[in-house]
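First the structure, in the form of structure tokens, and then the observations on it.
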Amino acid sequence: MNINAHSIWSDIQKIHNSVPLIHNITNYVVMNNTANALLALGASPVMAHAIEEVEDMVSIARALVINIGTLSETWIEAMQKAMQKAHELKKPIVLDPVGAGATPYRTATAQKLIETINLTVIRGNASEIYSLVGEDTQTKGVDSTQQSEFAIEAAKSLAQRNKCTVVISGMKDLIVNADQVIQIENGHPLMAKVTGMGCTATALIGAFLAVNTDAFIASAHATAVIGIAGEIAAHQATGPGSLQIHFLDALYKLKKEDIEEKLKFYKI
Amino acid sequence: MNINAHSIWSDIQKIHNSVPLIHNITNYVVMNNTANALLALGASPVMAHAIEEVEDMVSIARALVINIGTLSETWIEAMQKAMQKAHELKKPIVLDPVGAGATPYRTATAQKLIETINLTVIRGNASEIYSLVGEDTQTKGVDSTQQSEFAIEAAKSLAQRNKCTVVISGMKDLIVNADQVIQIENGHPLMAKVTGMGCTATALIGAFLAVNTDAFIASAHATAVIGIAGEIAAHQATGPGSLQIHFLDALYKLKKEDIEEKLKFYKI
Amino acid sequence: MNINAHSIWSDIQKIHNSVPLIHNITNYVVMNNTANALLALGASPVMAHAIEEVEDMVSIARALVINIGTLSETWIEAMQKAMQKAHELKKPIVLDPVGAGATPYRTATAQKLIETINLTVIRGNASEIYSLVGEDTQTKGVDSTQQSEFAIEAAKSLAQRNKCTVVISGMKDLIVNADQVIQIENGHPLMAKVTGMGCTATALIGAFLAVNTDAFIASAHATAVIGIAGEIAAHQATGPGSLQIHFLDALYKLKKEDIEEKLKFYKI
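Structure, rendered in structure tokens:
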């Protein structure tokens, strides 16, 4: 395992140089933020949900981002179709089970998507991840009131069962697969006051998966980058409004030295 | 009736402390702003429109916000289902009849929703409120070209017939129920140059309704808070782009002293 | 042909004075930006896509903006219905064929919309415009990797066949009709790092079409204005996040002198 400023910077350079197309089927609330964050990082976002085109779009994309934040039946069908095509073409897929645990429909949908094919990465907060293993918990909408550690066993079991990497976002971010766990302590509490920061993390994982075939490392890289850009932004911001603006600017201007100076990660 | 800096601040503290989940079925244009404004105020937003989950979502929420800004048939069905469930569970409901009066479809939809069950609060501009009582007027899309006073009799009749509070937004904001009218003169003209400021007001009313059972007072509190945060933001802004950023920051950092200093309301 | 600071300023004044209602059937990603840009320019935006109301909405609007960025079948039906009504009522229509060329579904949809009725203006990047004349090219999502000049013959043929103006956006913007081509060199590369800047250009063309019956000149005016506001914003911005905020502020505060100082256009 090789996660450091150099390995992160190398992936960022690859994103800048190859400008990977990232196909997002995501929620209405965050589409604009997600697209802007992918652009700021150097990737090329596209949002497309029509059942008539998702297979064609995923065929020209280098990663697929699925987010159930404002789900409905026709969108779920399109998600499944896109996921199956991505799987066939061996393209990485990252799932954001927004609000899983909040309603039976969201929990069942997230579980159905997980069973559709083996995903590459699943990213959520502790309550969402916990709900995916069939435990009886109730999340409060899309906010997590649980510490990241709360879902660590659920994440391990999910990672093992589905041969994927699981990212638990929270005050501490945990990157989990069947064999290992690392903890990233970048980020800032003010980020939780901006809607869709988690969705942005999921989309950026998609961009890193497009240039790094090791899903565990790609997920750690993306998680560190969003945390570091968030720290820089929070230092300049006077509230959650300006945070989101500074976040995009920080992501766009991120330097290797910023990563060297700020990266905080631990093996667990 | 007790509306002053102290009563407003008390509600804000309750929102901070209880972080009420606010269920929004709202329009595509403002979902992001609305979610961010609720977060900045201290509430927890969720957007969910699937017919399969609206009842479950409203069951765990503390208020329901309905906004017809980009309406379509499946969304209207989901709105009605959510409203009926909220009514059953005695949860407050606030309706934003965006563009009522602009097309027969919007006017009829707004009227249908009002007849579904007794709403707690209806908030719109003068043209929208006027159109709800069956008067023949034509609004120009979602902007009001009418003064708030234009709709005062319509608001009174609506409030009486539906046992609800009506908020007429404009240069002057009027809070109306069957017995009383108050006028709030906070706010700034530049706010009208930012899309969805009215929708944000409606969502914030939802948050105040979650912590204050007096709908008239809760509506006045929310209206004053958005006006005061808007004034602070307009003072710092160089145009409508920066206004929205400063607005979220101002809402997040609002102090009791700001309210004491700026609150301008009158009984009529 | 009369394109200069005076002619542009005259149209802007007409927009300010008449506040034209612009009916947008556009994509989820940019709805908020588009609405805010139209407001900053002085127009009045409305977003409405329900098949039940598009004809009524377009009847009270002064221009129709169609954008296929996040298309699906029900939206396409509504677009066609709105376009037919706009055509009947002789209202200007501008089409943004977002992602045409990226998937067969997008290309076919854009071509179907073009065949529905004679559009007033089509605006896209070089790859999108190129794909509309049935050439076999593959765009990479919504970004263009081609120079504007690449599509100039396609644009001329499209303009001739459909009796419309075609705008090719890129580092250089080209305004094309059957008889003439002009090139506008305003703008800044950082604008390409903000999602939906092209969509905003399309919406602003709608606003200029509402006050100027010469579609070629209206398109040139809108293109120059967005480029000039973008330059002012890029000069103040520290990245793509702050660019979008400064862009709205610059558009709102644009002065005739800014246009006089910065306008760069050439006949070709």
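Chains as they are written, first to last, in numbering that gives the first Met the number 0: chain V, 0 to 267; chain E, 0 to 267; chain H, 0 to 267.
C-beta: ideal position from N, C-alpha, C; glycine also.
Just mark Gly-310(V) as buried or exposed, buried being the case when its beta carbon has 16 or more other beta carbons within 10 Å.
Beyond the ends of chain V as shown, which are 0 and 267, falls residue 310(V); an answer cannot be given.
By DSSP, does His-22(E) sit in helix, in strand, or in coil?
Residue mapping note: residue 22(E) aligns to position 23 of the second sequence, counting from 1. Of the three classes helix, strand and coil, the one that applies to His-22(E) here is strand, per DSSP.
Under 8 Å between beta-carbons, which chain E residues line up against Ala-209(V)? List them in chain order, please.
Counting from 1 along the first sequence, the entry for residue 209(V) is found at position 210. Under the 8 Å cutoff, chain E gives no residues; its nearest Cβ is about 25 Å from Ala-209(V).
Let me check understanding here. Comparing Cα to Cα, which of Ala-206(E), Asn-35(E) and Leu-94(E) lies closest to Ile-14(E)?
Mapped onto the second sequence, residue 14(E) falls at position 15. Per the Cα distances, Ala-206(E).
Residues in the same chain with beta-carbon distance under 7 Å from Asp-257(V), minus the five sequence neighbours each way, listed in chain order, please.
As a first step, residue 257(V) is located in the first sequence; it is residue number 258 there, counting from the start. Same-chain partners within the cutoff: Ile-227 and Ile-231.
Give the DSSP-derived three-state secondary structure of Asn-176(H) in the structure shown.
On the third sequence, position 177 is the one that residue 176(H) refers to. Asn-176(H): coil per DSSP, three-state reduction.
Out of curiosity, what's the CA-to-CA distance linking Ala-34(V) and Asn-161(E)?
In the first sequence, the residue the question calls residue 34(V) occupies position 35. In the second sequence, the residue the question calls residue 161(E) occupies position 162. Each residue's Cα considered, the two are about 43 Å apart.
Using the DSSP secondary-structure output, state which residues sit across from Tyr-265(H) in a beta bridge.
Sequence index remark: in the third sequence, residue 265(H) carries index 266 (1-based). Gln-182(H).
Give me the Cβ distance between Leu-112(V) and Ile-59(V), rounded to the nearest whole Å; I'm assuming they're in contact under 8 Å.
For the purposes of this step, residue 112(V) is taken as the residue at position 113 of the first sequence. For the purposes of this step, residue 59(V) is taken as the residue at position 60 of the first sequence. 22 Å between Cβ atoms; not a contact.
Where His-220(E) and Ala-177(E) are concerned, what is the direct C-alpha to C-alpha distance, given to the nearest angstrom?
Along the second sequence, one-based indexing puts residue 220(E) at 221. Along the second sequence, one-based indexing puts residue 177(E) at 178. Near 18 Å, if we compare the C-alpha coordinates of Ala-177(E) and His-220(E).
Whose C-alpha, out of Ile-128(V), Ile-181(V) and Ala-49(V), is nearest the C-alpha of Leu-262(V)?
Here residue 262(V) corresponds to residue number 263 of the first sequence, with the count starting at 1. When each option's Cα is compared against that of Leu-262(V), the closest is Ile-181(V).
List the residues of chain V that Ala-60(H) touches, going by C-beta distances under 9 Å, in chain order.
Stepping through the third sequence from its first residue, residue 60(H) is reached at position 61. Simply none; closest approach about 23 Å.
Please confirm if Asp-55(H) has its CB atom under 8 Å from at least one CB of chain E.
Sequence index remark: in the third sequence, residue 55(H) carries index 56 (1-based). Cβ-Cβ to chain E under 8 Å: yes for Asp-55(H).
Using C-beta distances below 6 Å, list every residue in its chain close to Gly-41(H), excluding the 5 sequence neighbours before and after it, in chain order.
By 1-based counting over the third sequence, the position of residue 41(H) is 42. Cβ within range, chain order: Ile-14 and His-15.
Using a Cβ-Cβ cut-off of 8 Å, state whether Pro-239(E) counts as contacting chain H.
As a working note, residue 239(E) is residue 240 in the second sequence. So yes, Pro-239(E) belongs to the interface.
So, is the C-beta of Pro-19(E) closer than 8 Å to a C-beta in chain H?
Counting from one through the second sequence, the residue named residue 19(E) turns up at place 20. For Pro-19(E), the answer is no, since every Cβ of chain H falls outside 8 Å of its Cβ.
Does the structure place the region 47–64 of chain V close enough to the region 121–136 of chain V that three or more beta carbon pairs sit under 8 Å?
The region 121–136 of chain V vs the region 47–64 of chain V: no contact.
With distances taken between CB atoms, is the gap from Tyr-251(E) to Pro-239(V) smaller than 8 Å?
On the second sequence, position 252 is the one that residue 251(E) refers to. On the first sequence, position 240 is the one that residue 239(V) refers to. Yes, the pair counts as a contact, with Cβ atoms nearer than the cut-off.
If I'm right that Val-28(V) touches Thr-73(V) with Cβ under 8 Å, what's the distance once you round it to whole angstroms?
As a position in the first sequence, residue 28(V) is number 29, starting the count at 1. As a position in the first sequence, residue 73(V) is number 74, starting the count at 1. 18 Å between Cβ atoms; not a contact.
What is the DSSP secondary structure of Ser-297(V), reduced to helix, strand or coil?
Residue 297(V) is absent from the model: chain V starts at 0 and stops at 267.
Is it buried or exposed, Glu-52(E), if we count other Cβ atoms within 10 angstroms and call 16 or more buried?
Taking the first residue of the second sequence as position 1, residue 52(E) is located at position 53. It counts as buried.
Taking Cβ-Cβ distances shorter than 7 Å, what residues in chain V pair up with Ile-244(E)?
Here residue 244(E) refers to the residue found at position 245 of the second sequence. Under the 7 Å cutoff, chain V gives Gly-240, Ser-241 and Ile-244.
Would Tyr-104(E) count as contacting chain H if we go by Cβ distances under 8 Å?
As a first step, residue 104(E) is located in the second sequence; it is residue number 105 there, counting from the start. Tyr-104(E) counts as touching chain H.
List, in order along the chain, the chain V residues whose C-beta lies closer than 8 Å to that of Thr-194(H)?
In the third sequence, the residue the question calls residue 194(H) occupies position 195. Within 8 Å Cβ-Cβ: Asn-31, Ala-34, Asn-35, Leu-38 and Pro-44.
Gly-229(H): buried (16+ other C-beta within 10 angstroms of its C-beta) or exposed?
Start at 1 with the first residue of the third sequence, and residue 229(H) comes out as number 230. Label assigned to Gly-229(H): buried.
Quick one: grab the DSSP three-state call for Gly-100(H).
Stepping through the third sequence from its first residue, residue 100(H) is reached at position 101. Gly-100(H): coil per DSSP, three-state reduction.
What does the alpha-carbon distance come out to for the pair Asn-32(E) and Thr-199(E)?
In the second sequence, counting from the first residue as 1, residue 32(E) sits at position 33. In the second sequence, counting from the first residue as 1, residue 199(E) sits at position 200. So the two alpha carbons sit approximately 7 Å from each other.
Quick check on Pro-91(H): buried or exposed, where buried means 16 or more other Cβ atoms within 10 Å of its Cβ?
As a working note, residue 91(H) is residue 92 in the third sequence. The residue in question, Pro-91(H), is buried, as its Cβ has 16 or more Cβ neighbours within 10 Å.
DSSP on Ser-71(V), reduced to helix/strand/coil?
The residue labelled residue 71(V) in the question sits at position 72 within the first sequence. Here Ser-71(V) sits in coil by DSSP.
Residues of chain H with CB closer than 8 Å to the CB of Val-247(E), please, in chain order.
Your numbering for residue 247(E) matches position 248 in the second sequence. It should be pointed out that residue 247(E) corresponds to Leu in this sequence rather than to Val. Those within 8 Å of Leu-247(E) in chain H number zero; the least Cβ separation is about 12 Å.
In chain order, what residues of the same chain have a beta carbon less than 7 Å from the beta carbon of Ala-36(V), not counting five sequence neighbours either side?
In the first sequence, residue 36(V) corresponds to position 37, counting from 1. The answer, listed in chain order, is Thr-199, Ala-202, Leu-203, Leu-247 and Leu-250.
Here's a check: name, in chain order, each residue in its chain whose Cβ is nearer than 7 Å to the Cβ of Val-132(V), leaving out the five neighbours to either side.
Mapped onto the first sequence, residue 132(V) falls at position 133. Around Val-132(V): Ala-153, Ser-156 and Leu-157.
Hey, is Ser-71(E)'s beta-carbon within less than 8 Å of any beta-carbon in chain H?
The residue given as residue 71(E) occupies position 72 in the second sequence. Chain H contact via Cβ: present.
Could you check where the alpha helix (DSSP H) with Val-64(H) kicks off and where it finishes?
In the third sequence, residue 64(H) corresponds to position 65, counting from 1. No alpha helix (DSSP H) holds Val-64(H); the beta strand (DSSP E) holding it covers 62–66.
Using a Cβ cut-off of 8 Å (strictly closer), state whether Ala-154(H) contacts chain E.
For the purposes of this step, residue 154(H) is identified with residue 155 of the third sequence, where counting begins at 1. Not one chain E Cβ lies under 8 Å of Ala-154(H).
Provide the residue span of the alpha helix (DSSP H) that contains Asn-3(H), from first to last.
The sequence position of residue 3(H) within the third sequence is 4, counting from 1. Here Asn-3(H) belongs to no alpha helix (DSSP H), and DSSP marks it neither H nor E.
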